[in-house]
Amino acid sequence: MVFENKFIQQRIEKAEFLRNAGINPYSNDSKRNTSIEKYIYVNSDIQEKENKRDERRHYTISGRIKLFRIMGKASFLQIEDESGVLQVYITRDNLPEGFYNDIFKKIIEVGDIVEVSGYPFITGKGELSLHTSEFKLLTKAIAPLPEKFHGVTDKEIRYRKRYLDLIMNSDVRKTFKIRSKVISLTRRFFEDKGFLEVETPMMHPIAGGANAKPFVTHHNALGIDRYLRIAPELYLKRLIVGGFEAVFEINRNFRNEGMDATHNPEFTSIEFYWAYKTYKDLIEITKEYFKYLFDHLNLPTILPYGEIEVNFKNFQEIPLIESLSSIGGVPSEIVYDKEKIVEFLKSKNLTVKPGLNLGQLQGELFDEFVEDKLIDPTFITEYPVEISPLARRSDENPEITERFELFIAGREIANAFSELNDPVDQLGRFQGQMAAKESGDDEAHEMDADFIEALSYGMAPTAGQGIGIDRLVMLLTNEHSIRDVLLFPAMKPIHNEEQNQEEEV
RNA sequence: GUCUCGUUAGCUCAGCUGGUAGAGCACGUCACUUUUAAUGAUGUGGCCGAUGGUUCGAAUCCAUCACGGGACACCA
């Protein structure tokens, strides 16, 4: 059972003791009238006051006890609320008769959530504090907090019990505040541009819009399986067909694949679609978007990321084929020759899957020799049509598409293209994907006949883009694991959790 | 999926070439009315990740498994 630990038992007894003394250990009678941040700001003038105090002021603050120093008849606490930490000074003689010795010293401890009232003063060591005249327990913590100096460092505990991580590591709160701001700013940026935020289904009859394995769930009333969406793309384009000219959706996608430092089964992206625009317009709006984020987050344009630095003022643009030789060092004479590419890859001791077409081989070259060298933001353009089943062909060269991916710090951050709106071409590409699926590629796209029908009514020329929010936040917060930018990352079940699930079946 | 490192008290960690468990914090008791990880004294607290094996004897050696970290492979 959860509460069999001796320390917890001891604290449950303390809560009982309080109840017997007529004190509610879980009072909701909070009278807080300021945050710690405001208290510190408003009382910053106390330093100049006579006696370094102002007994006419009176504040009530609340928060969790993080440090507890009893020195006989006086004590110092450090209390933390969401906004900050404040030192509180408490003496026996300023509290009701007996309270300090019988309740405060015996029952109150680190982890408890308390409320204190009093006046501001500066201690002998020069720290703005609160001189307490009233003290109340709001919430008794029956579980002891981790060690006060080292806190909790075990990543497994931090991810599984994020609440403990948040209590102990205030920097973690900063990361998630930035994440929240990024999402909020993204929403505002696109709204200000006239985009409409929409919500499309998360349960799809056909998992489309990306190359990925879906999760399957079951609809009992209909007796049919549904897929958790791997991308909202095909629904958002249906909306463009319907006459909306600028839409976006910020939400979760689900992919039934492996988990590692850059992959979580559910992840957040923004996808936006913009009628009467091309991928070139997307390059411009993307630059603008980054500038908007950096301005509003007050980030320096040269941002450290681990060992490297990324210059967010230095956006580059280069066609994929050109990048193979100019950045990847691949001999330019081989990049259109399947045999020679295979030979080249093998000469670098890389295993090459048999039966890849030219575009796929060019993609292999890019992944292998170019991607991790793209540090400053780089738009790689003109993707081969074979690896871009939803992108519009270039009018000049039908072998390539009007597409780009944005790479920063060696990672893909965004994927965008002028959308394919020729229904017959789209049908042909779906058929190609189905052939790939039959020959064993279980990540190939499925045929979506209704989507083809939608296109057959005519979709205005449209540009669309997806940006991975988790990876963007990683970049902006200098985090190197997606788990550090997800409040509750997916974790494998611990042993007895697994057993319980089997018992329920 | 492969390789590699880790898992010991609520937390942070010691524990050598095998001899049956340690520290600090926290908690209990005592002292202390301006401390800063307060201090001093003293005490309680362990299925040493799980299961097997080797051994007279395993936290320690071996095997398998589970979970986590890192690297590689695939994907966003």
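Start counting the first sequence at 19; every next residue gets the next number (my numbering).
C-beta: ideal position from N, C-alpha, C; glycine also.
Note that the coordinates shown come from a computational prediction; the quantities given were computed from them, not determined experimentally.
Check                                                                                                                                                                      : Outcome
Could you give the distance in angstroms between the alpha-carbon of ARG50 and the alpha-carbon of LYS154?                                                                 : 11 Å
To the nearest angstrom, how far is the alpha carbon of VAL353 from that of PHE330?                                                                                        : 30 Å
Classify SER341 as helix, strand or coil using the three-state DSSP reduction.                                                                                             : helix
Between which two residues does the beta strand (DSSP E) harbouring LYS158 extend?                                                                                         : LYS158 -> no beta strand (DSSP E), and no H or E assigned at all.
In whole angstroms, what is the alpha-carbon distance linking ASN433 and GLU456?                                                                                           : 27 Å
Assuming ASP15 is part of the alpha helix (DSSP H), what are its boundary residues?                                                                                        : With the chain covering only 19 through 523, there is no way to say anything about residue 15.
Please identify the residue among GLY486, THR157, ASN69 and PRO322 whose C-alpha is closest to the C-alpha of LEU7.                                                        : The structure shown does not extend to residue 7, since the chain spans only 19 to 523, so no value can be given for it.
Hey, ARG29 and ILE160 are a contact pair by Cβ (cut 8 Å); roughly how many whole angstroms apart?                                                                          : 4 Å
So, at 6 Å on beta carbons, what are the nonlocal neighbours of LEU300 in its own chain, with the 5 sequence-adjacent residues on each side left out?                      : ALA434, ALA481 and GLN483
Kindly indicate which residue of ILE288, GLU115 and ASN271 has the alpha-carbon position closest to the one of HIS281.                                                     : ASN271
Per the DSSP calculation, MET89 is bridged to which residue(s)?                                                                                                            : ALA92
Under 8 Å: do the region 120-133 and the region 41-50 share three or more Cβ pairs, one atom per stretch?                                                                  : yes
Return the CA-CA distance between LYS32 and VAL503, expressed in angstroms with no decimal places.                                                                         : 37 Å
Compute the distance between the beta-carbons of SER287 and ILE485, then report whether it is under 9 Å.                                                                   : yes
Run through the DSSP bridge pairs and tell me what THR304 is partnered with.                                                                                               : The partner list for THR304 (beta bridge, DSSP) is empty, contrary to what the question assumes.
Going by DSSP in three states, GLY486 sits in which element: helix, strand or coil?                                                                                        : strand
Tell me which residues share the same chain as ARG87 and place their Cβ nearer than 8 Å to its Cβ, disregarding the 5 neighbours each side in the sequence.                : SER93, PHE94 and LEU95
List, from N- to C-terminal side, the alpha helix (DSSP H) runs of 4 residues or more that fit wholly inside the region 436-481.                                           : 441-456 and 467-474
Under 8 Å, with one C-beta from each stretch per pair, do the region 261-278 and the region 384-399 reach the 3-pair mark?                                                 : no
Let me know the secondary structure DSSP gives GLU516 once reduced to three states.                                                                                        : Note that GLU516 scores 41 on pLDDT, short of 50, meaning its location in the model is unreliable and no value can be drawn from it.
To the nearest angstrom, how far is it from the Cα of TYR310 to the Cα of PHE207?                                                                                          : 8 Å
Which whole runs of the alpha helix (DSSP H) in the region 236-262 are 4 residues long or more, in chain order?                                                            : 251-259
Under 9 Å, do LEU182 and SER62 count as touching if we go by C-beta distance?                                                                                              : no
Excluding the 5 residues preceding and the 5 following GLY346 in the sequence, name in chain order all residues of the same chain whose CB lies nearer than 6 Å to its CB. : PHE387 and VAL388
Output the boundary residues of the alpha helix (DSSP H) element that contains GLU191.                                                                                     : As written in the sequence, residue 191 is Arg, which differs from the Glu given in the question. Its alpha helix (DSSP H) spans residues 188-210.
For ARG411, which of helix, strand or coil comes out of DSSP?                                                                                                              : strand
When we look at the beta-carbon of GLN65 and count the other beta-carbons within 10 Å, is it buried (16 or more) or exposed?                                               : exposed
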